[in-house]
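Everything below concerns the one structure shown next.
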Amino acid sequence: MIDPKLIDVVLPDDSGYPADKAAQDNRETLMQAVYDAGAQITEFPNHMWIERKDWGAKARELKETQTRAIDYLDRFTNQNPTHECTCHSLRACFEAARNRQRRIAIGPPVAGQRKPESAKSASVWVSPLSVYSEANPGQWGGAGVRQVLGIATRRGFLPDKLQPREWGFKHSMHGTCGAGGVNQSKGSWVKLSQFPDGWQDTAKTLRPIEYIFPETWEQSVCLVLNSLMVGVGRDGHAVPHGEWIEEDEVVAYPDSYDVVRYDSISRIKKTVGSSFAIVSTTIPDDWENPAAA
Amino acid sequence: MNRTAKNISLLLLLFASTVFAQFKLELPESPVDSPWVKRFRVTGVKEWTQVDDVMVITAVNSTPIFVDVEYSLTPGQWTFTGPNGNYSIRVKLKDGQALTGAIILGTKPPVVITPPINPPITPPITPPVTPPPDDKKKVSRVTYVYEKDLNHVPTQVGAALNRINKDHAGLIVASDFEEDTTDGGGDTPEQYKVALDAARQVGLPALVVQAGSVVVRIVKNPTTQTEVINAIAP
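Chains A and U, in that order, are what the protein sequence lines are.
Sequential numbering of the first sequence, starting at 6, is according to the numbering used here.
Sequential numbering of the second sequence, starting at 359, is according to the numbering used here.
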């Protein structure tokens, strides 16, 4: 039984998805943003539809086989007290998609712990700050989902300075101006103009390239049940949905505060219009050498 | 033998020959012009799902090597190319039958190359000398290639790929690949070119098993863990 205090949490302080930014997000603007940035968009495919009555069985199958979306995520990030939530949510969706393609099931993440398997896998950690810096040059006030999707799709993320193993990336950036943690570096604010020379050459290797934008909350849950992490924005905060839990009729998300929280169906219904799933990301020519040009 | 027993024997023989003649490995007559692409086939194969795997092996300086085999659009037909020499072919069917044969490429009979490569060949091949250090015959990659508009990766296939990565960490790269995925430069990632080409030849989705750059097996549209795990078995 899930602690009710972890369900439908409304954060006391602004975490970075304010109402004015949320008002500009709807399915069409999100699709237009990534399309303009060069990504492929797919309408929700029929083959991913799962009847409501089968959600429980599917969720159990995913858990037993370690193929839940959250199983492909090996770390938490911590944005506290910044307004970087849209970018932390996006980085979770990106890293889960990338690891899913490589079929590295080394999740779910454990707060405060470095999983030893991360170093043996092809896991690469990206910096949310490397996108947020462009999305909001003023640092405070947050960003819209549409904005950060467009930026990440167009030019990608920089890798975090902290990696599960030394990949030798030519350019990197600390992950956040917030708390960070054992799996995320932190530092001071960086303007876009202060990014290292030539950073685009590294960032373009870490880009989402194909998306699905659900039209209904049921489609959103179906995506999660197809092992895709779904980024959503609602009630002032953006999070990545990673697992459907039938017994409580909630989705679990690894929040960017080192904790797993949950959204009920009534909350999920609010996310339609700001939700997306990354189907595929750029892949290196050699998983063991992602830093190669 | 009385007449009845004789008739029964003949009927049994006819039955056996009918059953076991259902599939037949047909090869071009040796020797054949070399090194150009030559077609061989198994009669009776109507769908690729009837075929488990195919191997063509030759030897260079006494070292057995796997030869790249191209799958035809027509089920049960393959082509390959290579220099003058002896080639041994084995086609394993899903029903357990293993059909073997040999072709000589070249207008003159080449020097016989040891070890003998004529049937039956049970992998792994053990040459009479120390195996080469890059041992290409070992499975090194297995890739589920698909097109997202047509299908998603079945959960059990994803689970099997997870399992292979865990059980064979550092030895086999097991992953899935959506047809249109690119690297940072917008091109097909180098590591997936062979699998993508092979899968497109038989139709997506397909599971492509490689030993280095050589495709050793393709499984069309796998949906179970067993199909994936069996695909990498020797």
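Backbone N, C-alpha and C fix where the C-beta goes; we use that ideal spot for every residue, glycine too.
Cα-Cα separation between residue i and residue j, rounded to whole angstroms
i: residue 390 of chain U; j: residue 406 of chain U; result: 27 Å
i: residue 116 of chain A; j: residue 22 of chain A; result: 23 Å
i: residue 307 of chain U; j: residue 561 of chain U; result: In this structure chain U extends from 359 to 592, so residue 307 of chain U is not present and cannot be described.
i: residue 466 of chain U; j: residue 439 of chain U; result: Interpretation of residue 466 of chain U is limited by its pLDDT of 46, a score under 50 that renders its predicted location unreliable; the figure taken from the coordinates is listed afterwards. Going from the Cα of residue 466 of chain U to the Cα of residue 439 of chain U covers about 17 Å.
i: residue 80 of chain A; j: residue 96 of chain A; result: 11 Å
i: residue 445 of chain U; j: residue 546 of chain U; result: 32 Å
i: residue 207 of chain A; j: residue 292 of chain A; result: 15 Å
i: residue 201 of chain A; j: residue 176 of chain A; result: 7 Å
i: residue 63 of chain A; j: residue 230 of chain A; result: 7 Å
i: residue 233 of chain A; j: residue 188 of chain A; result: 22 Å
i: residue 85 of chain A; j: residue 587 of chain U; result: 44 Å
i: residue 216 of chain A; j: residue 556 of chain U; result: 26 Å
i: residue 384 of chain U; j: residue 504 of chain U; result: 32 Å
i: residue 221 of chain A; j: residue 429 of chain U; result: 42 Å
i: residue 514 of chain U; j: residue 66 of chain A; result: 9 Å
i: residue 498 of chain U; j: residue 527 of chain U; result: 10 Å
i: residue 538 of chain U; j: residue 294 of chain A; result: 21 Å
i: residue 554 of chain U; j: residue 398 of chain U; result: 23 Å
i: residue 186 of chain A; j: residue 71 of chain A; result: 25 Å
i: residue 262 of chain A; j: residue 413 of chain U; result: 53 Å
i: residue 13 of chain A; j: residue 257 of chain A; result: 10 Å
i: residue 125 of chain A; j: residue 459 of chain U; result: 43 Å
i: residue 227 of chain A; j: residue 387 of chain U; result: 55 Å
i: residue 197 of chain A; j: residue 138 of chain A; result: 6 Å
i: residue 118 of chain A; j: residue 265 of chain A; result: 14 Å
i: residue 184 of chain A; j: residue 68 of chain A; result: 30 Å
i: residue 163 of chain A; j: residue 78 of chain A; result: 18 Å
i: residue 166 of chain A; j: residue 437 of chain U; result: 49 Å
i: residue 169 of chain A; j: residue 402 of chain U; result: 52 Å
i: residue 259 of chain A; j: residue 245 of chain A; result: 7 Å
i: residue 32 of chain A; j: residue 161 of chain A; result: 21 Å
i: residue 525 of chain U; j: residue 519 of chain U; result: 10 Å
Spatial neighbours of residue i in its chain, beta-carbon cut-off 7 Å, leaving aside the 5 residues before and after
i: residue 506 of chain U; result: 536
i: residue 455 of chain U; result: 381
i: residue 173 of chain A; result: 296
i: residue 578 of chain U; result: 406, 407, 560, 561, 564
i: residue 494 of chain U; result: Note that residue 494 of chain U scores a pLDDT of 48, beneath 50, so its modelled location is shaky and nothing firm can be said.
i: residue 552 of chain U; result: 568, 571, 573
i: residue 36 of chain A; result: 46, 218
i: residue 16 of chain A; result: 241, 242
Neighbourhood of residue i by C-beta, 6 Å cutoff - its chain only, sequence neighbours within 5 removed
i: residue 411 of chain U; result: 450, 575
i: residue 42 of chain A; result: 155, 158, 159
i: residue 149 of chain A; result: 26, 29, 30
i: residue 253 of chain A; result: 7
i: residue 452 of chain U; result: 408, 410
N-terminal and C-terminal residue of the alpha helix (DSSP H) that residue i is part of
i: residue 271 of chain A; result: 270-275
i: residue 524 of chain U; result: 513-525
i: residue 463 of chain U; result: No alpha helix (DSSP H) contains residue 463 of chain U, which is instead part of the beta strand (DSSP E) from 456-463.
i: residue 587 of chain U; result: 583-589
i: residue 207 of chain A; result: 204-208
i: residue 222 of chain A; result: 222-230
i: residue 121 of chain A; result: 121-125
i: residue 262 of chain A; result: Counting along the chain, residue 262 of chain A falls outside any alpha helix (DSSP H), and DSSP gives it neither H nor E.
i: residue 139 of chain A; result: 134-140
Residue i - containing beta strand (DSSP E), residue span
i: residue 451 of chain U; result: 443-451
i: residue 113 of chain A; result: First-last for residue 113 of chain A: undefined, no H or E at that position.
i: residue 533 of chain U; result: 531-536
i: residue 560 of chain U; result: Note, residue 560 of chain U: premise wrong, no beta strand (DSSP E); alpha helix (DSSP H) at 551-560.
i: residue 564 of chain U; result: 564-569
i: residue 296 of chain A; result: Neither: residue 296 of chain A is in no beta strand (DSSP E) and is coded neither H nor E.
i: residue 238 of chain A; result: 235-239
i: residue 245 of chain A; result: 242-246
i: residue 1 of chain A; result: This structure cannot settle anything about residue 1 of chain A, because the visible part of chain A is limited to 6 through 298.
Residues near residue i by beta carbon distance below 8 Å, same chain, minus five either side
i: residue 522 of chain U; result: 500, 530, 532, 586, 587, 590
i: residue 182 of chain A; result: 87, 89, 134, 144, 191, 192, 193, 194
i: residue 427 of chain U; result: 412, 413, 414, 436, 437, 438, 573
Per-residue contacts from residue i into chain B (C-beta, under 8 Å)
i: residue 67 of chain A; result: Among the chains of the structure shown, chain B does not appear; the protein chains present are A and U.
Contact the region 279-295 of chain A vs the region 202-219 of chain A: 3+ CB pairs below 8 Å = yes
message = Between the region 39-46 of chain A and the region 265-275 of chain A, can you find at least three pairs of beta-carbon atoms closer than 8 Å?
response = no
task = Please list the segments of the alpha helix (DSSP H) lying wholly inside the region 71-95 of chain A, counting only runs of 4 or more residues, in order along the chain.
result = none
query = On the three-pair Cβ rule with 8 Å, is the region 48-57 of chain A touching the region 144-153 of chain A?
reply = no
ask   = What beta strand (DSSP E) runs, 3 residues minimum, are completely inside the region 14-56 of chain A?
value = 45-47
key: Contact the region 92-109 of chain A vs the region 55-69 of chain A: 3+ CB pairs below 8 Å   = no
request  = At 4 residues or longer, and completely inside the region 144-174 of chain A: list those alpha helix (DSSP H) runs for me, N to C.
outcome  = 150-160
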